[in-house]
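**Q** Before anything else, here's the structure in question.
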Amino acid sequence: MTRGNPARGLPERHCPGLGKVSKLAGMNPALDSRRARVAAALPLGDALLVIDAGEPIPLPEGSDQCYSFRAHAEYYYLAGLECPGAVLTYDPRDGAAGWASFVPVVTEGERVWEGRVQPPGRPLGELAAWLAARRGRPVAQLGAATTHIAADSENSQRARAALTHARRVKDAAELDLLRRAVAATARGFSEIPGLLRPGLTERALQIEIEAEFFRGGSTRTGYHSLVGIGPHSAVLHCEPGPRPMRDGDLVLVDAGAEVDRYTADVTRTYACGQPSAFQRDLYQVVLGAQERAIARCIAGAEWKAIHLATAVDLTAGLVAMGVMHGAPESLVAQDAHTLFFPHGLGHMVGLGVRDASGLAPGRKPDPRASLRTLRMDLPLAPGYVVTVEPGLYFIPPLLNDAVRRERYRDGINWPLVEHHLQTGGVRIEDNLLITAGAPENLTAGIAKQL
Ligand SMILES: [Mn+2]
Numbered sequence: 029m030t031r032g033n034p035a036r037g038l039p040e041r042h043c044p045g046l047g048k049v050s051k052l053a054g055m056n057p058a059l060d061s062r063r064a065r066v067a068a069a070l071p072l073g074d075a076l077l078v079i080d081a082g083e084p085i086p087l088p089e090g091s092d093q094c095y096s097f098r099a100h101a102e103y104y105y106l107a108g109l110e111c112p113g114a115v116l117t118y119d120p121r122d123g124a125a126g127w128a129s130f131v132p133v134v135t136e137g138e139r140v141w142e143g144r145v146q147p148p149g150r151p152l153g154e155l156a157a158w159l160a161a162r163r164g165r166p167v168a169q170l171g172a173a174t175t176h177i178a179a180d181s182e183n184s185q186r187a188r189a190a191l192t193h194a195r196r197v198k199d200a201a202e203l204d205l206l207r208r209a210v211a212a213t214a215r216g217f218s219e220i221p222g223l224l225r226p227g228l229t230e231r232a233l234q235i236e237i238e239a240e241f242f243r244g245g246s247t248r249t250g251y252h253s254l255v256g257i258g259p260h261s262a263v264l265h266c267e268p269g270p271r272p273m274r275d276g277d278l279v280l281v282d283a284g285a286e287v288d289r290y291t292a293d294v295t296r297t298y299a300c301g302q303p304s305a306f307q308r309d310l311y312q313v314v315l316g317a318q319e320r321a322i323a324r325c326i327a328g329a330e331w332k333a334i335h336l337a338t339a340v341d342l343t344a345g346l347v348a349m350g351v352m353h354g355a356p357e358s359l360v361a362q363d364a365h366t367l368f369f370p371h372g373l374g375h376m377v378g379l380g381v382r383d384a385s386g387l388a389p390g391r392k393p394d395p396r397a398s399l400r401t402l403r404m405d406l407p408l409a410p411g412y413v414v415t416v417e418p419g420l421y422f423i424p425p426l427l428n429d430a431v432r433r434e435r436y437r438d439g440i441n442w443p444l445v446e447h448h449l450q451t452g453g454v455r456i457e458d459n460l461l462i463t464a465g466a467p468e469n470l471t472a473g474i475a476k477q478l
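Taking the working numbering, the leading residue of the sequence shown gets 29, the next gets one more, and so forth.
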């Protein structure tokens with residue numbers, strides 16, 4: 029059934045999650061101070077700022093169903109509203125009074141079918157007059173950019189870079205939500221050790237973990253929970269399926285509960301039954317490298333340097349295990365570590381699972397092949413929340429590749445690798461709050477035990 033929405037000139041669809049109002053909405057002091065901080069950081073000059081929440085995305089088959097709506101993070105951060113079609117504007121000439129929030133008028137159909145209520149804000153129809161009163165001024169447009177206004181792309185790009193950078197330091201309201209997300213996540217992970225027995229499937233594990241997330245106050249999962257058993261533990265983003273555990277399998281779980289758009293992102297690796305000596309050694313190498321990486325997460329430290337130092341630690345561990353041959357630093361200089369550690373050390377986390385990752389202001393992407401997979405290149409600063417998630421995996425599509433086998437003929441013990449191609453992998457991931465001193469490990473309460 030398709031239902032019309034004359035107020036917005038768009039077909040109306042069943043869109044779960046619409047019209048939710050976060051505690052930050054409706055002009056409270058936390059949102060006011062966030063807006064003031066952002067306004068001071070944006071290089072707008074005389075340009076107007078327009079931030080679109082975005083529109084629901086219909087399922088491709090043309091039914092009246094949409095994907096679950098998520099307002100663009102740039103909009104949500106400053107408006108505190110999960111409201112499709114909404115627009116937040118700012119006129120720097122008006123200072124603190126320059127912010128205006130425009131929201132669609134909720135229709136009877138939306139009230140009847142979805143139980144939506146009218147969010148706070150001015151009717152969206154008044155946006156045109158707001159813009160017309162400022163005709164001729166340049167416009168920086170952020171968020172989903174779904175309203176068709178003549179925005180200036182250079183202004184918009186500079187504003188986006190500045191907003192992304194301003195979002196990196198988490199404020200008190202954000203940290204409160206993150207801690208609640210972590211608490212719900214911890215409840216889910218606490219279920220796992222009691223479930224590790226032959227026959228239990230990836231799907232069954234996912235169900236139990238997520239049920240506990242929701243019982244713990246989660247409003248959704250922050251991303252698709254990843255559960256990989258046996259060789260699947262080496263699939264970096266393994267969606268849970270019917271595979272059952274067998275004795276001696278590695279079990280990798282990467283999942284996070286979300287509370288009001290703020291998510292944790294945690295990975296633990298377990299063994300079903302008794303791990304082999306080789307699995308234990310692999311686990312200890314990753315755990316040791318992760319602990320050293322965490323200790324390196326201090327204000328001012330360059331993320332790329334922490335990543336590379338961790339790559340050396342992981343490589344040294346593989347050399348000690350006899351999997352690789354040579355000097356760890358020189359193996360990393362040749363990118364040999366990427367056969368077993370093919371991803372970056374981590375990313376920012378909070379408002380979305382990748383949050384405001386990316387480049388420090390003014391930086392260009394690093395051209396080195398092994399560093400292109402890094403999700404950020406910046407110095408850490410107090411208030412940032414980052415994941416630290418080293419891993420070592422036996423990934424057949426990488427390790428069976430003839431070009432790599434030739435290039436790293438001498439650096440890798442190929443017969444041993446061949447023997448362990450079905451071993452899977454180990455990843456251990458925590459979420460760290462950077463401080464003026466040692467980092468605070470927000471997810472330290474989630475036990476790490478193979
Ligand atoms: Mn992660």
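Even for Gly, the Cβ is constructed at its ideal location relative to N, Cα and C.
#1: Apart from the five residues on each side of it in sequence, which residues of its chain come closer than 6 Å, Cβ to Cβ, to Met273?
#2: Just confirm the distance between the C-beta atoms of Leu426 and Pro370, as a whole number of angstroms; I'd bet it's less than 8 Å.
#3: With respect to 6 Å, is the separation between the Cβ of Asp293 and the closest non-hydrogen atom of ligand 1 below this value?
#4: Can you give me the C-alpha to C-alpha distance between His335 and Val381, rounded to a whole angstrom?
#5: Roughly how many angstroms lie between the CA atoms of Asp119 and Arg396, to the nearest whole one?
#6: Leaving aside the five residues before and after Leu38 along the sequence, list all residues of the same chain whose C-beta is less than 6 Å from its C-beta, in chain order.
#7: Over the uninterrupted beta strand (DSSP E) stretch that includes Gly419, give me the two end residues.
#8: In this structure, how does DSSP classify Arg296 when only helix, strand and coil are distinguished?
#9: Entirely within the stretch 369-451 and at least 4 residues each: give me those alpha helix (DSSP H) ranges in chain order.
#10: Which residues in the same chain have their Cβ closer than 7 Å to the Cβ of Ala321, if we skip the five residues on either side of it in sequence?
#11: Which of helix, strand or coil does DSSP assign to Glu330?
#12: For Tyr95, is the classification buried or exposed, using 16 other Cβ atoms within 10 angstroms of its Cβ as the cut-off for buried?
#13: In the stretch 127-195, which residue ranges form an unbroken beta strand (DSSP E) of at least 3 residues, counting only runs that do not cross its ends?
#14: Output yes or no for whether 7 Å exceeds the beta carbon distance between Ala292 and Asn459.
#15: Quick one: using the 10 Å Cβ neighbour count with 16 as the cut-off for buried, is Ala430 buried or exposed?
#16: Taking contact to mean 3 or more Cβ pairs, one atom from each stretch, closer than 8 Å, check whether the stretch 175-186 and the stretch 83-94 are in contact.
#17: Kindly indicate which residue of Ser385, Trp158, Ile220 and Pro151 has the alpha-carbon position closest to the one of Leu280.
#18: In chain order, what residues of the same chain have a beta carbon less than 6 Å from the beta carbon of Trp127, not counting five sequence neighbours either side?
#19: Quick check: the Cα distance between Ala327 and Pro84, rounded to an integer number of angstroms?
#20: Helix, strand or coil: how does DSSP classify Asp309 here?
#21: Roughly how many whole angstroms lie between the Cα atoms of Leu278 and Arg455?
#22: Decide yes or no for the touch test of the stretch 295-314 against the stretch 338-358: beta carbon pairs closer than 8 Å, at least 3 of them.
#23: Measuring straight from C-alpha to C-alpha, what distance separates His100 and Glu286?
#24: In this structure, what does DSSP give as the bridge partners for Leu116?
#25: Counting only the same chain and skipping the five closest in sequence on each side, list residues whose C-beta sits under 7 Å from that of Leu223.
#26: Considering Cα atoms alone, identify which of Tyr412, His353, Gln362 and Val134 is closest to Leu399.
#27: From the DSSP output, in three-state form, read off Asp74 for me.
**A** Quick answer:
#1: Looking up residue 273 in the sequence shown gives position 245. Closer than 6 Å at the Cβ level, and outside the excluded window around Met273, lie Pro226, Leu228, Ile257 and Cys300.
#2: Taking the first residue of the sequence shown as position 1, residue 426 is located at position 398. Taking the first residue of the sequence shown as position 1, residue 370 is located at position 342. Correct: roughly 6 Å between the Cβ atoms.
#3: Translated into positions along the sequence shown, residue 293 becomes position 265. Ligand 1 has a heavy atom closer than 6 Å to the beta-carbon of Asp293.
#4: Translated into positions along the sequence shown, residue 335 becomes position 307. Translated into positions along the sequence shown, residue 381 becomes position 353. Between His335 and Val381, the C-alpha separation is close to 19 Å.
#5: Within the sequence shown, numbered from 1, the residue matching residue 119 stands at position 91. Within the sequence shown, numbered from 1, the residue matching residue 396 stands at position 368. A straight-line Cα-Cα distance of about 41 Å links Asp119 and Arg396.
#6: Counting from 1 along the sequence shown, the entry for residue 38 is found at position 10. Only weak support is given to the placement of Leu38: the predicted model assigns it a pLDDT of 40, under 50, and the value that follows is read from those uncertain coordinates. Cβ within range, chain order: n/a, list empty.
#7: Counting from 1 along the sequence shown, the entry for residue 419 is found at position 391. Here the beta strand (DSSP E) through Gly419 covers Gly419 to Tyr421.
#8: Your numbering for residue 296 matches position 268 in the sequence shown. Strand.
#9: The qualifying runs are 424-427, 430-435 and 442-447.
#10: To locate residue 321, count along the sequence shown from 1; it is residue 293. Within the same chain, and ignoring the five residues on either side of Ala321 in sequence, the residues whose Cβ sits closer than 7 Å to its Cβ are Ile334, Thr338, Leu373, Val416 and Pro418.
#11: Your numbering for residue 330 matches position 302 in the sequence shown. In the structure shown, Glu330 sits in a strand (DSSP, three-state: E or B).
#12: The residue labelled residue 95 in the question sits at position 67 within the sequence shown. Burial call: exposed.
#13: For the stretch 127-195, whole beta strand (DSSP E) runs of length 3 or above, ordered along the chain, are 127-131 and 167-171.
#14: Locating residue 292 in the sequence shown gives position 264, where the first residue counts as 1. Locating residue 459 in the sequence shown gives position 431, where the first residue counts as 1. With respect to Asn459, Ala292 sits close: the two C-beta atoms are nearer than 7 Å.
#15: Residue numbering aside, residue 430 sits at position 402 when the sequence shown is read from its first letter. With fewer than 16 other Cβ atoms within 10 Å, it is exposed.
#16: Result no; under three Cβ-Cβ pairs closer than 8 Å.
#17: As a working note, residue 280 is residue 252 in the sequence shown. Closest option to Leu280, Cα to Cα, is Ile220.
#18: Along the sequence shown, one-based indexing puts residue 127 at 99. Cβ neighbours of Trp127 beyond the five flanking positions: Arg63 and Tyr118.
#19: Position 299 of the sequence shown, counted from the start, is the residue given in the question as residue 327. Position 56 of the sequence shown, counted from the start, is the residue given in the question as residue 84. The alpha-carbon atoms of Ala327 and Pro84 are separated by roughly 39 Å.
#20: As a working mapping, residue 309 is identified with position 281 in the sequence shown. Reduced to three states, the DSSP call for Asp309 is helix.
#21: Taking the first residue of the sequence shown as 1, we reach residue 278 at position 250. Taking the first residue of the sequence shown as 1, we reach residue 455 at position 427. C-alpha separation (whole angstroms): 11 Å.
#22: The way I'd put it, the stretch 295-314 does touch the stretch 338-358; three or more beta-carbon pairs between them come closer than 8 Å.
#23: Residue numbering aside, residue 100 sits at position 72 when the sequence shown is read from its first letter. Residue numbering aside, residue 286 sits at position 258 when the sequence shown is read from its first letter. Taking the straight line from one Cα to the other gives about 16 Å.
#24: The residue labelled residue 116 in the question sits at position 88 within the sequence shown. According to DSSP, Leu116 bridges with Ile79 and Ser129.
#25: Locating residue 223 in the sequence shown gives position 195, where the first residue counts as 1. Closer than 7 Å at the Cβ level, and outside the excluded window around Leu223, lie Leu233 and Glu236.
#26: For the purposes of this step, residue 399 is identified with residue 371 of the sequence shown, where counting begins at 1. Measuring from the Cα of Leu399, the nearest candidate turns out to be Gln362.
#27: Counted from its first residue, the sequence shown places residue 74 at position 46. Of the three classes helix, strand and coil, the one that applies to Asp74 here is coil, per DSSP.
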